[in-house]
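In this note's numbering, the protein residues as written are 7 to 402. Cβ coordinates follow ideal geometry from the N, Cα and C atoms, glycine included.
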């Protein structure tokens, strides 16, 4: 689409009455029903070779797009505000991220729920799932084509990106620190920057309060997400000052992590070989902060002497570090703004105290270790409600 045509189309959409939210919810719910009924089996067969675990991802997407989920989301995020005072922000530019298939399309759906015109810059590694989902929405409800515009523009094409930013009232950035800084430099001062940047998640385990069920939940999060999501557990902090207790914990956790690998990645010998090579390289470069590496089949647990929060640098590897509860706030505050999920494993009588400390440190989501980090209606993005960020409150 030519720039002049896009600009005119966007202005025409803005001149119309606000997009009816019920129309959006109905279209999403119908798409959800078609996904669950098996209407897209042929597409799934074609795409599942390039998008791992596609069938289960579509089921999750269908649940997120259901009427029940979307109505609860709207009620939770905007229900406390008077309807006549909440209006769309206007035009949203979504800078999609590639770490979660379909996330860019869902970001557009959120923009539609708030009544906005949406411009989507596809992620660089997009495999087609975002355009498929949005294309099906438009087929179901053709009116939406006036509110959805999708572009495949390289991030290096700053001239075209700047034009799209100048047309926008808000920019939703899904990406790491470098991506956010780059967009900040391009965006004008009169555009709202809405950052859903890369976050880091971990587990906090009381050395005297863990049970196998909770540890299995942690292990399945590590293996199931391949530690690629913002909510993926990168490592485990232990509430202890004793290296002996930490060694005992690692010995217990390794076979649980190994069992999760064989349960969730059966036959993936390539992953095991890759992990072995990465681990061998790491041993050759032995980091002074590494106390001991516990090696399993396809997985490993690395006991460290430092207490810094960091990404796991080896696939299917979990670091373990000592962090007594008295140092939680002091240590984690240095990562404020980047903290997302903490999986808390402890005795019931310790939960309230540890939860309060993690919240004060800056964590925005806390869940029991045994519970999967599943989507639920009303869930915030990194501690904020997107529909509120995508709206304006007016006084008349």
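Among the candidates the options, whose CA atom is the shortest distance from the CA of residue i?
| i | options | result |
| --- | --- | --- |
| residue 265 | 219, 136, 57 | 219 |
| residue 59 | 135, 165, 240, 156 | 135 |
| residue 26 | 89, 62, 42, 8 | 89 |
| residue 175 | 302, 352, 93 | 93 |
| residue 356 | 343, 342, 374 | 374 |
| residue 208 | 197, 221, 196 | 221 |
Can you tell me whether residue i is helix, strand or coil according to DSSP?
| i | result |
| --- | --- |
| residue 407 | Here the chain covers residues 7 to 402 and nothing more, so residue 407 does not appear. |
| residue 250 | helix |
| residue 80 | helix |
| residue 124 | strand |
| residue 303 | coil |
| residue 236 | coil |
| residue 152 | helix |
| residue 62 | helix |
| residue 398 | strand |
| residue 31 | helix |
| residue 159 | coil |
| residue 97 | strand |
| residue 182 | coil |
| residue 43 | coil |
| residue 198 | strand |
| residue 373 | strand |
| residue 188 | helix |
| residue 241 | strand |
Less than 8 angstroms between C-beta atoms, sequence neighbours within five positions excluded: which residues of the same chain meet that for residue i?
| i | result |
| --- | --- |
| residue 140 | 111, 114, 126, 154, 156 |
Just confirm the distance between the C-beta atoms of residue i and residue j, as a whole number of angstroms; I'd bet it's less than 8 angstroms.
| i | j | result |
| --- | --- | --- |
| residue 326 | residue 345 | About 19 angstroms; that fails the 8 angstroms criterion. |
| residue 117 | residue 124 | 4 angstroms |
| residue 95 | residue 397 | 6 angstroms |
| residue 138 | residue 41 | Rounded, the Cβ-Cβ distance is 11 angstroms, inconsistent with contact. |
| residue 177 | residue 109 | Rounded, the Cβ-Cβ distance is 16 angstroms, inconsistent with contact. |
| residue 341 | residue 228 | That belief does not hold up - the Cβ atoms of residue 341 and residue 228 are roughly 19 angstroms apart, past 8 angstroms. |
| residue 307 | residue 324 | 5 angstroms |
| residue 159 | residue 179 | Actually they do not touch by this definition, with Cβ atoms about 14 angstroms apart. |
| residue 363 | residue 372 | Not confirmed; about 10 angstroms, so no contact. |
| residue 267 | residue 230 | The pair is not a contact, with the Cβ atoms about 10 angstroms apart (cut-off 8 angstroms). |
Beta-carbon within less than 7 angstroms of residue i's beta-carbon, same chain only, minus the 5 sequence neighbours each way: which residues are those?
| i | result |
| --- | --- |
| residue 37 | 71, 142, 143, 146 |
| residue 252 | 244, 246, 309, 326, 328 |
Which residues in the same chain as residue i place their Cβ atom closer than 6 angstroms to its Cβ, once the five residues preceding and following it in sequence are excluded?
| i | result |
| --- | --- |
| residue 290 | Residue confidence for residue 290 is low, a pLDDT of 48 falling below 50, so the modelled location carries little weight and cannot support an answer. |
Exercise. Examine the Cβ distances between the region 309-317 and the region 186-193 and report whether three or more of them are shorter than 8 angstroms.
Key: No, the region 309-317 does not touch the region 186-193.
Quiz prompt | the region 294-303 in contact with the region 330-338 per 3-pair CB rule at 8 angstroms | solution = With the rule of 3 Cβ pairs closer than 8 angstroms, the region 294-303 does not count as touching the region 330-338.
Quiz item: Does the count of Cβ pairs from the region 233-248 and the region 209-225 closer than 8 angstroms reach three?
Solution: The region 233-248 makes contact with the region 209-225, as at least three CB pairs between them are under 8 angstroms.
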